[in-house]
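In order, the protein sequence lines correspond to chains A and B. So the first sequence is numbered by this note's numbering: it starts at 1 and just counts up by one. So the second sequence is numbered by this note's numbering: it starts at 315 and just counts up by one. Beta carbons are placed, not taken as given, at the ideal position from N, Cα and C, and that holds for glycine. Below: the structure, in structure tokens.
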Amino acid sequence: MNMLKIKKGTLSSATLLIILLVLCVALAIVKPTFLKAGNLFNVLRTTSITGLIAIGMTCVIITGGIDLSVGSVVGLSSVLCGLLMKENGWSVVATLIVTMVVCIFVGLINGMLIHYGKIPAFIATLGTMGMARGLAMLLTQGRTIPGLPKEFTSFAQIKVLGLPSLFIVWVVLILIAAYMLKFTRLGRNIYSIGSNMEAARLGGIKLAPTICFTYMFNAFCAALAGILLTARITSAQPSAGEGYEMTAIAAAVIGGASLAGAEGTIIGTVIGACIMAVLQNGGNLLGINSFVMDIATGALVVIAVLTEKNKKKQ
Amino acid sequence: MNDIIRMEGISKSFPGVKALQGIDFSVKPACVHALIGENGAGKSTLIKILMGVYGNKYEGIIYIDGIETEITNPIQAKELGLLAIYQDIMMASHLTVGENFFLGRLPKKGPFVDWQKVYNDTGKILNDLGIAVDPRKKLGDLTVAQQEMVAIAKAVSEDAKLVIFDEPTALLTDKDTQMLFSIIRQLKAKGLGVVYISHRLEELFEICDEVTVLKDGCFAGHKMISETNSDELVSMMVGREMTDMYAIESVTLGETALEIKGLTKTGVFENISFSVRRGEILGMFGLVGSGRTDIVRAIFGAEKYDAGNVIVNGKEVVIKTPSDAIDLGIGLLPEDRREQGLCLHLSVKHNINLVSYVDMSKLGHIDLKTERDNAEKYRDAIGIKTPTLEQLVRNLSGGNQQKVVVSKWLCKESDILIFDEPTVGIDVNTKREIYKLLESLTHQGDAIILVSSYLPEVLGIADRVCVFSEGRLVGEITSDELKNTPLHELEKKAVFMASGIA
């Protein structure tokens, strides 16, 4: 009966939302601690950080690209925060600005390699992934930088409107990205390029700025994630963000994005990220081996794509 | 002697649609049987049933060589000797011609592949059919026409009994078409059956023996070719008399809208000069490889050129990218609409507005009402058949897809329009609609360039025709000639010029 509903569903976002709610209700019944504010807020904080990257990743995937470098950009962003604030005594604002600029520059390199260099996105960003991580390691010699200033780390602890600040940042970014994709020319161009790059070019869409923008936006999201993660764990780590690119891709794909391009929505990705987070948290609460949960998350990605494919056939 | 295939009472339904209803269709040995009908008449569905694409989900009986056979999958169809050659040839373009021939059954000499044999045998088969292609060449390096010939030769080498051609000449020039016909005659001489699907009725009279007409999924008639004519066939297809396909009314010409002087791209086209005036349809005729498409792409900024001047509305301009051209009011409907003209995964609405988003946005924010109004306006004006504006373009028929491409440029209000092969793979009715549309565009003062390798079309529609051969402009057929010379003489003249003889 449930399977039937999924197949018949016309709105995949609606179907996903139902799955998320069912998961939450089931978990709340089995483990009432799930609903405790402390637990929920923790889930939200963790999800917000990877969720930020999933937003940028969705835009990249819609253009038909992929970005493996974002996990490394998180590390680079974390290291820059630590070095500039702790070891060079820079102010928080100056640190954040420089960190952003450097990380967005990595995104620009990605975009240029892919557009002008004609290198497949997978390879180009695999290269920058290695370089950004190497740079983060080199700058710190692989060590962690603890004891960051309080005015920086406290942001991760405060609540805005009764909700964790990290979550609020995520929501703001979700709204901006959703608006961009749905209501702006840039958003339309991103979809056009993802569907047919040649038709987009012959339609007068300037490819270079649009493609570079999506990778820069993704790097911006990663930089923001790196900054917030560093504030939350109160130390800068060159290995921060390892594997985040995969979490982000998984969230987008569960949310209905197609790696072939032109398909995907911000709302879908957000729900995808939440489903993954609830599964992970449920596993923790129920004391299930975390390796088993990795298997479950992997299977979820595959099932999501299979269901989508079946629906299209009909 | 039994029919090679006989299909009796074939019906097929899709959810909500009855695609075929009680169709009878049979092919005798050594006979070319044409299957015609408008887009959506059910030709492809019938062929797909025969080729096992839909499994056993059909009603009716199929006899192969007089024996009742249920065809349940494509592999079985192939083993029965049924072979279909589709418009888009599906072979491995990174492999050589010889490798493609022996794909999956490469001959061995000890543990190694016997390449000598692969290339010798392939060469022999190609030679026998009179196809001049080097078997060691990569398939992807051949022209579309050559690839098609190779696909046919492969079919023959695999002992097919029945070869089905689905729109085989859609992308071929007249010369290649003649080549194809000579191969079909050879197949016939060997006793094979041939099913020939085409929108170009003229061809039927040259190559086919019988014809079956489908209309809206039903059987609309069967004739011997010698006992019918194209008017009768057209009226069977559309259910009404089609008077003159190409009758459109010309208008008095206005100012020169676009002028090209000495346009050159070394090795591709040289020293091309021509102009087109407002209200005029300039035909560009040439064989595939004559450079016509490269020339219009260069004008549009889609390809670079080495020398020459482009003058738009009397002013010399520099066009470096398509968006430069678009800003000057030029629109290009590319040759391959699926690959270059449409975002197939996106909606009808998005595609119609694709070029115009820049005009309906303030600080990047799109006016959704204008977007929807535009889409509705052109859907109604051009008659795009779609259930909703949100429908994905890939779900529309070929003719409706082409209408979406046209709408995109009308929506942008481009007034110098370049149509590159606008009617390839489009049914008779939609063709007529597109010609009517060209007429109304000239009436509102647009300048039109019509690139076509289909002579009746370009001679029938254009006010003036430039003929291209091997990257050069080799001649012009003036409007006086078009008006006062009999059609078959014009055709001869154009073909001679295009083949570089005259």
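When the five nearest sequence neighbours on each side are left out, the beta carbons in the same chain lying within less than 6 Å of the beta carbon of A:Ala250 are those of Val301, in order along the chain.
Around the beta carbon of B:Arg778, a 10 Å sphere encloses 16 or more other beta carbons of the protein chains shown; the residue is thus reported as buried. Contact note: A:Phe183 reaches chain B through His679, Ile680 and Leu682, using a C-beta cutoff of 8 Å and chain order.
Chain order gives the chain B residues near A:Asn196 as Leu656, Cys657 and Leu658, where near means a beta carbon separation below 7 Å. Taking every protein chain shown into account, the CB of A:Ile158 has fewer than 16 other CB atoms within 10 angstroms, so this residue is exposed.
Note on the segment 84 to 164 of chain A: whole alpha helix (DSSP H) runs with a minimum of 4 residues are 92 to 115, 121 to 140 and 150 to 153, in chain order. Counting along the chain, the unbroken beta strand (DSSP E) around B:Cys780 starts and ends at Arg778 to Ser783. When beta bridges are read from the DSSP output, A:Ala236 appears opposite A:Ile145. Assigned with DSSP and collapsed to three states, B:Cys725 falls in helix.
When C-beta distances to chain A are compared with 8 Å, every residue of the segment 689 to 712 of chain B stays at or above that value.
Within the segment 721 to 742 of chain B, the residues whose Cβ lies closer than 9 Å to any Cβ of chain A are, in chain order, Lys722 and Lys726.
For the 7 Å CB-CB criterion, B:Val632 and B:Leu642 do not form a contact.
Remark: three or more beta-carbon pairs, one from each stretch, lie closer than 8 Å, so the segment 451 to 465 of chain B and the segment 407 to 425 of chain B are flagged as touching.
The DSSP-derived three-state label of B:Leu486 is coil. Put simply, the backbone Cα of A:Phe34 is about 10 Å away from that of A:Val25. Residues Val527 and Met550 of the same chain have their beta carbon placed closer than 6 Å to that of B:Gly535, with the five preceding and five following residues left out of the count. Residue state for B:Val527 is assigned as strand, using DSSP reduced to three classes. DSSP places B:Ala503 in the helix class (H, G or I) of the three-state scheme.
By the neighbour-count criterion, in which 16 or more other beta carbons inside 10 Å mark a residue as buried, A:Asn110 falls on the buried side. Nearest neighbour of B:Gly597 by Cα position, chosen from B:Met493, B:His659 and B:Tyr749, turns out to be B:Tyr749.
If you draw a straight line from the Cα of A:Asn88 to the Cα of A:Phe167, it is about 30 Å long.
Taking the Cα positions, B:Ala467 is about 11 Å away from B:Ile399. At the C-beta level, B:Val707 and B:Val772 stay beyond 7 Å of one another.
A:Ile62 sits close to A:Gly194, with the two beta carbons spaced by under 7 Å. Within 7 Å of the CB of A:Ala199, the CB atoms of chain B belong to Gln654, Gly655, Leu656 and Cys657, in sequence order along the chain. Residue pairing of B:Gly600 in beta bridges, as defined by DSSP: B:Phe782. Note that the C-beta distance between A:Thr269 and A:Gly287 is not below 7 Å. For A:Tyr116, the nearest beta carbon of chain B is not closer than 7 Å to its own beta carbon.
Inside the segment 571 to 643 of chain B, DSSP marks whole beta strand (DSSP E) runs of 3 or more residues at positions 583 to 591, 595 to 600, 621 to 626 and 629 to 631, from first to last along the chain. The beta carbon of B:Ile498 sits closer than 7 Å to the beta carbons of Val346, Val508 and Ile521 from its chain, once the five residues preceding and following it are set aside; these are given in chain order.
Taken through DSSP and simplified to helix, strand or coil, B:Val765 comes out as strand. Look at the segment 89 to 103 of chain A: it has no residue with a C-beta under 7 Å from a C-beta of chain B. Proximity to A:Tyr244 across A:Ile267, A:Ser72, A:Trp90 and A:Leu279 peaks at A:Ser72, based on C-alpha coordinates.
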